[in-house]
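Residue numbers (the working numbering): 268 to 516.
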Amino acid sequence: MTTPRSLIVTAHPEPESFTHQWAAASARACAAPIESHLVQEGFDPVERAAHFGHEGRFDVLKAQENAADTDTLPGDVAREVGRITAADRLILHFPVWWFGPPAILKGWMDRCLVNGIFHRGSQRFDAGLARGKSVLICATTGGDGVETARDGREGDINLILWPLMHALRYCGFEVLEPAFLHGVHGYQTGDARADMEARMAATLDQQAARLASWDSRPRVPFNADTDFDTEGRLKRGAPAHGPFISHRQ
Ligand SMILES: Cc1cc2nc3c(=O)[nH]c(=O)nc-3n(C[C@H](O)[C@H](O)[C@H](O)COP(=O)(O)O)c2cc1C
Numbered sequence: 268m269t270t271p272r273s274l275i276v277t278a279h280p281e282p283e284s285f286t287h288q289w290a291a292a293s294a295r296a297c298a299a300p301i302e303s304h305l306v307q308e309g310f311d312p313v314e315r316a317a318h319f320g321h322e323g324r325f326d327v328l329k330a331q332e333n334a335a336d337t338d339t340l341p342g343d344v345a346r347e348v349g350r351i352t353a354a355d356r357l358i359l360h361f362p363v364w365w366f367g368p369p370a371i372l373k374g375w376m377d378r379c380l381v382n383g384i385f386h387r388g389s390q391r392f393d394a395g396l397a398r399g400k401s402v403l404i405c406a407t408t409g410g411d412g413v414e415t416a417r418d419g420r421e422g423d424i425n426l427i428l429w430p431l432m433h434a435l436r437y438c439g440f441e442v443l444e445p446a447f448l449h450g451v452h453g454y455q456t457g458d459a460r461a462d463m464e465a466r467m468a469a470t471l472d473q474q475a476a477r478l479a480s481w482d483s484r485p486r487v488p489f490n491a492d493t494d495f496d497t498e499g500r501l502k503r504g505a506p507a508h509g510p511f512i513s514h515r516q
């Protein structure tokens with residue numbers, strides 16, 4: 268079996284941030300990693316007609332599909348698509364900002380998970396065009412482990428990141444349960460700072476082992492296509508995986 272290739276995508280404006288340190292630990296642990304540093308590379312996260320030289324009414328899905336079919340994707344998107352295509356594994360490093368990923372990462376998904384390359388109307392979820400690839404989220408939160416738990420006042424972090432993970436699942440990616448470091452922020456002082464720095468050091472030390480256990484790490488459960496009827500409604504008796512899909516009473 269060939270060694271899997273990993274694409275490490277980092278979304279943080281500060282190269283000295285813990286997020287970047289964690290991403291560097293991922294890169295050290297991977298054979299021939301591919302790296303995207305979205306902010307440092309000046310990635311434009313806003314999808315717009317000008318990227319396609321398009322005039323008139325701009326239909327984003329059609330524009331993406333046409334550019335994919337005619338090999339005319341915008342240069343920055345073509346570069347990122349090439350990186351994703353070359354990779355078997357994605358590792359996404361980012362801080363949680365306003366209960367989600369930073370806008371630049373969401374924009375990277377908007378623009379680079381291209382209709383016609385990683386999904387189409389007829390090829391999504393189980394049939395998503397990225398099937399065979401898998402993804403691990405490595406995220407930091409300012410909230411601590413108690414506040415970001417399911418009964419914590421920041422809300423369940425796994426619930427908060429579910430839409431992001433569902434988008435990846437839509438494209439066919441297998442999604443590993445995310446890795447978090449909680450309670451990360453520059454305001455810590457004294458014992459709290461020492462504790463944070465110890466937890467940071469441990470997270471960096473453990474990253475190689477975390478990535479080495481990729482195949483055996485738990486996956487986020489999603490419904491199979493066969494759990495839904497022809498209209499897309501969850502069948503009676505099917506399991507309801509994911510916090511946003513449930514049976515009607
Ligand atoms: C714009 C912004 C929004 C934030 N929103 C959240 C949030 O919703 N939940 C949370 O736990 N922390 C939040 N934080 C704190 C960051 O998650 C924290 O600063 C970051 O994880 C620290 O990692 P870093 O040192 O790599 O930047 C926010 C920070 C910023 C700048």
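Glycine included, every Cβ here is placed at the ideal spot set by N, Cα and C.
Residue i burial status per 10 Å Cβ neighbour count (16 or more: buried)
i, result
"V413", "exposed"
"P341", "buried"
"A278", "buried"
"W365", "exposed"
"H386", "buried"
"F489", "buried"
"P506", "exposed"
Three-state secondary structure assigned by DSSP to residue i
i, result
"T408", "coil"
"R486", "strand"
"I301", "strand"
CA nearest to the CA of residue i, picked from the options
i, options, result
"G499", "A292, I404 and S389", "S389"
"L448", "W375, F495 and T407", "T407"
"L357", "I275, V451, T456 and N490", "I275"
"R466", "S273, G349 and F285", "F285"
"D338", "G323, Q473 and F319", "F319"
"Q474", "P445, V313 and R324", "P445"
"R378", "A434, D355 and I424", "A434"
"D355", "E283, I404, R272 and A291", "R272"
"P282", "V306, A416 and K502", "V306"
"N382", "V327, D458 and S513", "V327"
"E347", "M376, P362, P369 and E332", "M376"
"I351", "L380, A334 and N333", "L380"
CB of residue i within 9 angstroms of CB of residue j, strictly
i, j, result
"G509", "W429", "yes"
"P485", "L443", "yes"
"H360", "G409", "no"
"E322", "A316", "yes"
"L478", "S293", "yes"
**Message:** Under 8 angstroms: do the region 414–433 and the region 286–302 share three or more Cβ pairs, one atom per stretch?
**Reply:** no
**Request:** Would you check if there are 3 or more beta carbon pairs closer than 8 angstroms linking the region 432–443 to the region 383–401?
**Result:** yes
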